[in-house]
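Chains as they are written, first to last, in this note's numbering: chain C, 5 to 153; chain U, 34 to 208; chain B, 335 to 967. Cβ coordinates follow ideal geometry from the N, Cα and C atoms, glycine included. Nothing here was measured: the structure is a model prediction, and the numbers come from that model. Beneath this line is the structure, given in structure tokens, with notes to follow.
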Amino acid sequence: MIAKPKHQRLVLVAIAFVAVLAAVLLAMWGLRDRAAYFYTPADVVAGKAQPDQSIRLGGMVERGSVHRLADGVTVRFVLTDGAAKVPVVFRGIVPDLFREGSGAIAEGSLEPDGTFDATNILAKHDERYMPPQMGNQAAEHQTAKTVDR
Amino acid sequence: MSGWLRFAPIFLLVLIVAAMLWRLANPPDTTVHSQMIGKAVPQFVLAAAVPGVAGLSSAQLADGKPKLVHFFASWCVPCIGEAPVLDQLKKQGMAIEGIAIRDRPEELAQFLARYGNPFDRIGSDPESKTQLAFGSSGVPETFVVDGRGVIRLQHIGAIQPGEIPAITAAVEQAR
Amino acid sequence: MIAETGLAALWLAAALSLLQLVLGFAPGMLKSGSGPIRAVAVLQGVLTLFAFAMLLLVFATTDLSVSLVAENSHSAKPLLYKVAATWGNHEGSMLLWVTVLGVSGTALAIFSRRLEERTFIAALGAQGALALGFFIFLLFASNPFARLNPPAFEGRGLNPILQDPGLAFHPPTLYLGYVGLSVAFSLAVGALVTGKVDRDLARAMRPWVLGAWIFLTLGITAGSYWAYYDLGWGGWWFWDPVENASLMPWLAATALLHSLNVLAARDSLRAWTIMLAMIAFSMSMVGTFLVRSGVLTSVHAFAVDPKRGVFLLILLAFYVGAALLLFALRSGKLTEGPEFELLSRETALVGNNLFLTVILGVVFIGTLYPLFVEALTGAKLSVGAPYFNAVVGPIALALMALITIGPLLNWRRDSGDRLKRLIIPALLGLAAFLILLIGVPQQGLLAKLGFGFAVALFPASLLPLLGRKLRRTPLTTYAMVLAHFGVATAVAGMSISSLTTSETLIAAKPGEIVAVGPWSIRFDSIRPAAGPNWTALEATLYATRGGGIETLKPQARFYTDPPTETTQSAILTTLNGQLYTVVGQQVGDRWQLRLWWKPMVTLIWFGGALIAIGGALALIGRAWRGWRKGSVR
Numbered sequence: 005m006i007a008k009p010k011h012q013r014l015v016l017v018a019i020a021f022v023a024v025l026a027a028v029l030l031a032m033w034g035l036r037d038r039a040a041y042f043y044t045p046a047d048v049v050a051g052k053a054q055p056d057q058s059i060r061l062g063g064m065v066e067r068g069s070v071h072r073l074a075d076g077v078t079v080r081f082v083l084t085d086g087a088a089k090v091p092v093v094f095r096g097i098v099p100d101l102f103r104e105g106s107g108a109i110a111e112g113s114l115e116p117d118g119t120f121d122a123t124n125i126l127a128k129h130d131e132r133y134m135p136p137q138m139g140n141q142a143a144e145h146q147t148a149k150t151v152d153r
Numbered sequence: 034m035s036g037w038l039r040f041a042p043i044f045l046l047v048l049i050v051a052a053m054l055w056r057l058a059n060p061p062d063t064t065v066h067s068q069m070i071g072k073a074v075p076q077f078v079l080a081a082a083v084p085g086v087a088g089l090s091s092a093q094l095a096d097g098k099p100k101l102v103h104f105f106a107s108w109c110v111p112c113i114g115e116a117p118v119l120d121q122l123k124k125q126g127m128a129i130e131g132i133a134i135r136d137r138p139e140e141l142a143q144f145l146a147r148y149g150n151p152f153d154r155i156g157s158d159p160e161s162k163t164q165l166a167f168g169s170s171g172v173p174e175t176f177v178v179d180g181r182g183v184i185r186l187q188h189i190g191a192i193q194p195g196e197i198p199a200i201t202a203a204v205e206q207a208r
Numbered sequence: 335m336i337a338e339t340g341l342a343a344l345w346l347a348a349a350l351s352l353l354q355l356v357l358g359f360a361p362g363m364l365k366s367g368s369g370p371i372r373a374v375a376v377l378q379g380v381l382t383l384f385a386f387a388m389l390l391l392v393f394a395t396t397d398l399s400v401s402l403v404a405e406n407s408h409s410a411k412p413l414l415y416k417v418a419a420t421w422g423n424h425e426g427s428m429l430l431w432v433t434v435l436g437v438s439g440t441a442l443a444i445f446s447r448r449l450e451e452r453t454f455i456a457a458l459g460a461q462g463a464l465a466l467g468f469f470i471f472l473l474f475a476s477n478p479f480a481r482l483n484p485p486a487f488e489g490r491g492l493n494p495i496l497q498d499p500g501l502a503f504h505p506p507t508l509y510l511g512y513v514g515l516s517v518a519f520s521l522a523v524g525a526l527v528t529g530k531v532d533r534d535l536a537r538a539m540r541p542w543v544l545g546a547w548i549f550l551t552l553g554i555t556a557g558s559y560w561a562y563y564d565l566g567w568g569g570w571w572f573w574d575p576v577e578n579a580s581l582m583p584w585l586a587a588t589a590l591l592h593s594l595n596v597l598a599a600r601d602s603l604r605a606w607t608i609m610l611a612m613i614a615f616s617m618s619m620v621g622t623f624l625v626r627s628g629v630l631t632s633v634h635a636f637a638v639d640p641k642r643g644v645f646l647l648i649l650l651a652f653y654v655g656a657a658l659l660l661f662a663l664r665s666g667k668l669t670e671g672p673e674f675e676l677l678s679r680e681t682a683l684v685g686n687n688l689f690l691t692v693i694l695g696v697v698f699i700g701t702l703y704p705l706f707v708e709a710l711t712g713a714k715l716s717v718g719a720p721y722f723n724a725v726v727g728p729i730a731l732a733l734m735a736l737i738t739i740g741p742l743l744n745w746r747r748d749s750g751d752r753l754k755r756l757i758i759p760a761l762l763g764l765a766a767f768l769i770l771l772i773g774v775p776q777q778g779l780l781a782k783l784g785f786g787f788a789v790a791l792f793p794a795s796l797l798p799l800l801g802r803k804l805r806r807t808p809l810t811t812y813a814m815v816l817a818h819f820g821v822a823t824a825v826a827g828m829s830i831s832s833l834t835t836s837e838t839l840i841a842a843k844p845g846e847i848v849a850v851g852p853w854s855i856r857f858d859s860i861r862p863a864a865g866p867n868w869t870a871l872e873a874t875l876y877a878t879r880g881g882g883i884e885t886l887k888p889q890a891r892f893y894t895d896p897p898t899e900t901t902q903s904a905i906l907t908t909l910n911g912q913l914y915t916v917v918g919q920q921v922g923d924r925w926q927l928r929l930w931w932k933p934m935v936t937l938i939w940f941g942g943a944l945i946a947i948g949g950a951l952a953l954i955g956r957a958w959r960g961w962r963k964g965s966v967r
């Protein structure tokens with residue numbers, strides 16, 4: 005069966021449309037459970053985060069809270085945002101910029117007992133702030149410009 | 034190809050460009066905001082950070098006069114750029130208290146000598162404990178504290194010259 | 335002086351691109367023949383190349399009076415990295431982008447013989463239009479030759495993570511790919527203007543797309559391997575927005591390549607091919623924008639201020655919008671090609687287009703979704719591997735099934751006889767899948783299916799050669815076979831390494847023996863080490879699995895300028911996998927060690943290389959054929 009040219013064109017247009025639609029539907033299905041929301045410790049303590057869901061938790065590493073366990077590779081610490089605290093446990097090699105008093109984002113999920121089980125830690129790049137309007141240029145360079153003004 | 038379908042990609046482009054423009058105008062906010070606004074300052078007593086300038090305690094923040102509490106360090110580069118702004122605020126008659134985090138007296142003295150000292154008092158916070166208690170997570174950050182020692186405003190990052198009126202107004206409101 | 339010469343050349347080239355645009359589209363110009371516009375295009379490309387050479391010179395000699403050099407280089411850097419620093423920053427890489435754009439235009443002007451004159455002129459005009467916009471951006475918002483007065487004492491160094499031979503090749507390779515697609519875009523625009531979308535257009539466009547696609551394949555493969563050994567996490571693809579930005583043009587280009595084959599062979603799929611040609615370069619431009627605008631955060635991203643982002647966005651919106659508008663207005667004039675049956679190669683390739691477009695779509699949506707959500711609801715979220723693997727995986731498998739079937743079908747109408755040859759490969763694949771399903775207890779259905787499909791595709795990709803006189807088979811057929819075989823190789827590598835990787839994470843004392851997979855590794859000692867601009871703590875590991883003993887020395891490295899710590903993994907490559915070792919922090923008298931045994935992981939990049947070689951063979955094959963017939967096809 006050979007399709008007539010006019011029909012064939014219609015079919016091809018329909019397939020193009022199906023492609024786009026399929027992509028959108030597939031994406032929506034995928035995004036429903038697999039996008040990771042970002043929460044602060046205050047959000048978590050207020051119960052906004054569901055346990056067992058893959059989320060990101062951001063805050064400051066509380067001074068004096070970092071304890072390395074006996075196995076040498078598991079570390080416990082507390083993430084705080086000034087108002088609330090969440091205990092975190094992480095098994096792995098922490099990134100170089102991970103320090104007490106510094107900012108960090110933990111990826112993982114909340115255990116039923118309220119501990120955050122982290123599978124990945126992202127340490128904040130720099131604890132010095134650059135206003136967004138000044139762009140992301142390194143602090144030294146930008147300040148030289150400010151002083152010259 | 035049917036009419037509207039041919040123009041559909043252009044609509045999609047417009048939507049995407051709109052979203053991008055929004056994002057460019059509102060950059061991602063990776064700052065951690067303090068939850069302490071509206072609450073009393075945490076209790077603390079900090080030793081002098083630099084010889085010749087008194088240390089700072091929380092009791093002194095509740096003396097009836099609204100103040101700025103400024104977190105900084107000698108190694109904080111944006112603080113250098115901010116120095117003229119703090120000088121300006123000082124000239125306007127504002128009381129500015131400083132808390133130097135994780136710093137050393139020699140370096141701090143050098144910093145103040147080079148860039149000016151707008152602070153009435155400077156407390157030393159070598160482990161950032163007080164900073165964290167304020168809900169601050171980096172430097173420079175400035176808090177407006179009212180006469181009764183309640184935190185009213187948090188300003189993250191260096192204060193820009195254009196923001197001086199806003200800060201002044203905030204301090205006025207904190208009377 | 336050198337910098338000023340470079341800047342002057344850029345201005346001249348920009349003016350020429352304006353002239354090129356005018357010559358391409360002004361009414362009446364089309365009648366005067368292609369001589370003038372060719373000359374302009376060649377000159378413009380040459381001048382741009384000259385400007386880039388000046389920038390290279392300025393970096394190679396570490397001229398600290400040029401602002402860009404002062405910010406991104408350092409006199410202590412080895413020459414290779416000084417040169418690489420030229421494109422390791424926004425302005426320099428933007429100049430590289432514009433250079434490739436100009437040189438592509440030059441090559442198009444010189445080498446295109448077969449194309450209809452008016453389409454050719456319009457295409458060169460389009461190329462000039464593309465160049466003009468980016469020249470304006472470069473000259474007014476990203477000047478690479480800006481001077482620093484007074485000159486800096488010393489440069490501020492390149493990010494040490496980027497100080498690596500991989501960096502020297504990764505961006506230029508990718509840019510040759512990204513920007514090479516501009517020619518396809520321009521040809522598509524030219525063809526829409528004149529209304530001539532036919533086999534000649536396909537044959538003219540094909541070598542360009544092939545060339546760009548080869549570079550993109552190499553660039554992505556190399557980039558993946560670089561991230562793998564450099565970042566120290568043992569992963570080879572992170573679905574990072576910048577990685578996605580390089581994948582999306584590749585997906586579009588792959589679909590375009592196959593669509594061009596249909597257009598060239600059968601004069602079919604005209605509108606699709608034109609649309610794909612526009613989408614491919616549009617994805618390149620979107621990628622450029624995403625990486626430089628600060629819109630998406632990523633470890634790879636250049637840091638640029640939002641004003642430049644807006645500029646790039648406007649350029650992007652203008653070019654893509656104009657192209658889409660042109661398509662909307664002119665595609666109605668394109669007549670449809672000859673018909674084909676349900677069971678035919680055309681249908682298989684339509685399916686190929688369909689699946690690749692869907693993958694492109696879901697990757698695009700996933701990459702931009704966080705942005706949309708935050709704009710509309712303020713919620714912050716991230717979309718990562720769980721999403722991408724879940725949506726891309728199944729479509730990729732369907733695509734692999736199509737790869738086994740398509741090459742065996744005739745054009746226009748196929749009886750399906752040859753499909754019987756697929757029974758054995760299919761059974762092999764099924765057997766492989768079942769073995770894994772039963773034998774490997776842990777989860778990983780997608781990986782197991784992937785391996786099954788790969789096992790089926792290995793013999794299936796060779797089937798087109800069955801029953802042919804091998805010496806008289808065209809090189810292009812071998813090229814297709816090799817490229818598809820490469821796909822099977824890469825997927826096999828992904829599946830096996832994902833299912834069978836073993837990992838050991840432990841804090842060990844020097845002298846201890848640690849096991850990972852079949853390996854027994856003795857942690858001998860840890861000692862200081864130093865390099866030209868770094869110091870490190872280097873661990874010595876002795877690994878064996880019953881045969882000889884191998885030595886591995888992973889490091890924890892500290893760079894001085896700017897101060898950064900990095901981990902340098904030590905990798906042992908064997909015939910059946912890689913041993914990947916990383917040393918972490920000191921814990922009392924012990925040291926953290928993270929060790930992986932990754933069976934067959936190198937197949938991933940070996941497969942990528944095979945795909946690229948397949949592409950090169952196709953290019954050579956067509957050039958050879960064209961040369962023998964006396965014209966470039």
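Look at residue 690 of chain B and residue 816 of chain B and say whether their C-beta atoms are less than 8 angstroms apart. Locating residue 690 of chain B in the third sequence gives position 356, where the first residue counts as 1. Locating residue 816 of chain B in the third sequence gives position 482, where the first residue counts as 1. It is not a contact, given that the beta carbons lie outside the stated cut-off.
What distance in whole Å lies between the Cβ atoms of residue 700 of chain B and residue 31 of chain C, which are believed to be in contact at a cut-off of 8 angstroms? Position 27 of the first sequence, counting from 1, holds the residue named residue 31 of chain C. Position 366 of the third sequence, counting from 1, holds the residue named residue 700 of chain B. About 6 angstroms separates the two Cβ atoms, so the contact holds.
Can you tell which of B:421, B:444, B:471, B:461 has the C-alpha that lies nearest to the C-alpha of residue 508 of chain B? The residue labelled residue 508 of chain B in the question sits at position 174 within the third sequence. Measuring from the Cα of residue 508 of chain B, the nearest candidate turns out to be B:421.
CB contact below 8 angstroms: residue 131 of chain C versus chain B: The count along the first sequence starts at 1 and reaches residue 131 of chain C at position 127. Below a pLDDT of 50, predicted positions are generally treated as unreliable, and residue 131 of chain C, at 40, falls in that range; the measurement from the model is reported next regardless. Not one chain B Cβ lies under 8 angstroms of residue 131 of chain C.
Minimum C-alpha distance to residue 434 of chain B - residue among B:387, B:659, B:682, B:671: For this step, residue 434 of chain B is matched to residue 100 along the third sequence. The candidate whose alpha carbon is nearest that of residue 434 of chain B is B:387.
Determine the DSSP secondary structure at residue 87 of chain C, reduced to helix, strand or coil. Here residue 87 of chain C corresponds to residue number 83 of the first sequence, with the count starting at 1. Secondary structure of residue 87 of chain C (DSSP, three-state): coil.
State the DSSP-derived secondary structure class of residue 204 of chain U, mapped to helix, strand or coil. What you label residue 204 of chain U is simply residue 171 of the second sequence in a count that begins at 1. Per DSSP, reduced to three states, the secondary structure at residue 204 of chain U is helical.
Could you tell me whether any non-hydrogen atom of the ligand FAD is closer than 7 angstroms to the CB of residue 573 of chain B? For the ligand FAD, the structure offers nothing, since it holds no ligand at all.
Can you tell me whether residue 103 of chain U is buried or exposed? The criterion is at least 16 other CB atoms within 10 Å of its CB, across all chains shown. Within the second sequence, the letter at position 70 stands for residue 103 of chain U. Here residue 103 of chain U is buried: its Cβ has 16 or more other Cβ atoms, across all protein chains shown, within 10 Å.
Assigned exposure category for residue 845 of chain B - 16 Cβ within 10 Å defines buried: Mapped onto the third sequence, residue 845 of chain B falls at position 511. Counting other Cβ atoms within 10 Å of its Cβ, residue 845 of chain B stays below 16 and is therefore classed as exposed.
Are the C-beta of residue 643 of chain B and some C-beta of chain U separated by less than 8 angstroms? Within the third sequence, the letter at position 309 stands for residue 643 of chain B. Chain U has a Cβ within less than 8 angstroms of the Cβ of residue 643 of chain B.
Rounded Cβ spacing between residue 734 of chain B and residue 787 of chain B (contact assumed at less than 8 angstroms): For the purposes of this step, residue 734 of chain B is taken as the residue at position 400 of the third sequence. For the purposes of this step, residue 787 of chain B is taken as the residue at position 453 of the third sequence. Confirmed, Cβ separation roughly 4 angstroms.
Continuous alpha helix (DSSP H) stretch holding residue 628 of chain B: start and end: One-based indexing of the third sequence puts residue 628 of chain B at position 294. Residue 628 of chain B: not part of any alpha helix (DSSP H); DSSP gives it neither H nor E.
Quick one, which of C:102, C:66, C:71 has its alpha-carbon nearest residue 82 of chain C's? Within the first sequence, the letter at position 78 stands for residue 82 of chain C. That would be C:66, whose Cα lies nearest to the Cα of residue 82 of chain C.
Show which residues of chain C have a CB atom less than 7 angstroms away from the CB atom of residue 161 of chain U. Position 128 of the second sequence, counting from 1, holds the residue named residue 161 of chain U. The answer, in chain order, is 67, 105.
Take the Cβ of residue 922 of chain B as the centre, count every other Cβ of all protein chains shown within 10 Å, and call the residue buried at 16 or more, exposed below. Residue 922 of chain B sits at position 588 when you count from the first residue of the third sequence. Flag for residue 922 of chain B reads exposed.
Can you tell me whether residue 335 of chain B is buried or exposed, with buried defined as 16 or more other CB within 10 angstroms of its CB? Residue 335 of chain B sits at position 1 when you count from the first residue of the third sequence. Burial state of residue 335 of chain B is exposed, judged by a 10 Å Cβ sphere holding fewer than 16 other Cβ atoms.
Going by DSSP, what residues sit across from residue 915 of chain B in a beta bridge? If you number the third sequence from 1, residue 915 of chain B lands on position 581. According to DSSP, which records beta bridges pairwise, residue 915 of chain B is partnered with B:904, B:929.
When the distance is taken between beta carbons, is residue 122 of chain U closer than 8 angstroms to residue 101 of chain U? Here residue 101 of chain U refers to the residue found at position 68 when the second sequence is read from its first residue. Here residue 122 of chain U refers to the residue found at position 89 when the second sequence is read from its first residue. Result yes, Cβ atoms of residue 101 of chain U and residue 122 of chain U sit closer than 8 angstroms.
How big is the Cα-Cα spacing for residue 870 of chain B and residue 681 of chain B? Along the third sequence, read from residue 1 onward, the residue named residue 870 of chain B stands at position 536. Along the third sequence, read from residue 1 onward, the residue named residue 681 of chain B stands at position 347. Those two C-alpha atoms are separated by around 58 angstroms.
Rounded to a whole number of angstroms, what is the C-alpha to C-alpha distance between residue 586 of chain B and residue 563 of chain B? Position 252 of the third sequence, counted from the first residue, corresponds to residue 586 of chain B. Position 229 of the third sequence, counted from the first residue, corresponds to residue 563 of chain B. Counting only the Cα atoms, residue 563 of chain B lies some 28 angstroms from residue 586 of chain B.
To the nearest angstrom, how far is the alpha carbon of residue 384 of chain B from that of residue 340 of chain B? Position 50 of the third sequence, counted from the start, is the residue given in the question as residue 384 of chain B. Position 6 of the third sequence, counted from the start, is the residue given in the question as residue 340 of chain B. Rounded to the nearest angstrom, the two C-alpha atoms are 7 angstroms apart.
Name the chain C residues whose beta carbon is nearer than 8 angstroms to that of residue 168 of chain U? Residue mapping note: residue 168 of chain U aligns to position 135 of the second sequence, counting from 1. Per Cβ cutoff of 8 angstroms: 85, 86, 87.
Within chain U, partners of residue 655 of chain B - CB distance below 7 angstroms: Indexing the third sequence from 1 puts residue 655 of chain B at position 321. 43, 46, listed in chain order.
Simplified DSSP assignment, three categories, for residue 100 of chain U: In the second sequence, the residue the question calls residue 100 of chain U occupies position 67. Looking at residue 100 of chain U - three-state DSSP - the assignment turns out to be strand.
Taking Cβ-Cβ distances shorter than 7 angstroms, what residues in chain U pair up with residue 475 of chain B? If you number the third sequence from 1, residue 475 of chain B lands on position 141. Counting only Cβ-Cβ distances below 7 angstroms, residue 475 of chain B has no contacts in chain U at all, with the closest Cβ about 14 angstroms away.
Do you know how far the Cα of residue 645 of chain B is from the Cα of residue 471 of chain B? For the purposes of this step, residue 471 of chain B is identified with residue 137 of the third sequence, where counting begins at 1. For the purposes of this step, residue 645 of chain B is identified with residue 311 of the third sequence, where counting begins at 1. Distance between the alpha carbons of residue 471 of chain B and residue 645 of chain B is about 7 angstroms.
What residues in the segment 684 to 710 of chain B have a beta carbon less than 7 angstroms from any beta carbon of chain C? Within the segment 684 to 710 of chain B, the residues whose Cβ lies closer than 7 angstroms to any Cβ of chain C are, in chain order, 684, 688, 691, 692, 695, 696, 699, 700, 703.
Is the beta carbon of residue 455 of chain B closer than 8 angstroms to that of residue 371 of chain B? Taking the third sequence and counting its residues from 1, one reaches residue 371 of chain B at position 37. Taking the third sequence and counting its residues from 1, one reaches residue 455 of chain B at position 121. Yes, the pair counts as a contact, with Cβ atoms nearer than the cut-off.
Chain B within 8 angstroms of residue 53 of chain C, Cβ atoms only: Counting from one through the first sequence, the residue named residue 53 of chain C turns up at place 49. For residue 53 of chain C, the nearest beta carbon of chain B is not closer than 8 angstroms to its own beta carbon.
Given 8 angstroms, three or more beta-carbon pairs between the segment 801 to 818 of chain B and the segment 929 to 939 of chain B: No, the segment 801 to 818 of chain B is not in contact with the segment 929 to 939 of chain B.
What do you get for residue 835 of chain B, buried or exposed, if any count of 16 or more other CB atoms within 10 angstroms of its CB means buried? Working through the third sequence from its first residue, we reach residue 835 of chain B at position 501. A buried status is given to residue 835 of chain B, since no fewer than 16 other beta-carbon atoms sit within 10 Å of its beta-carbon.
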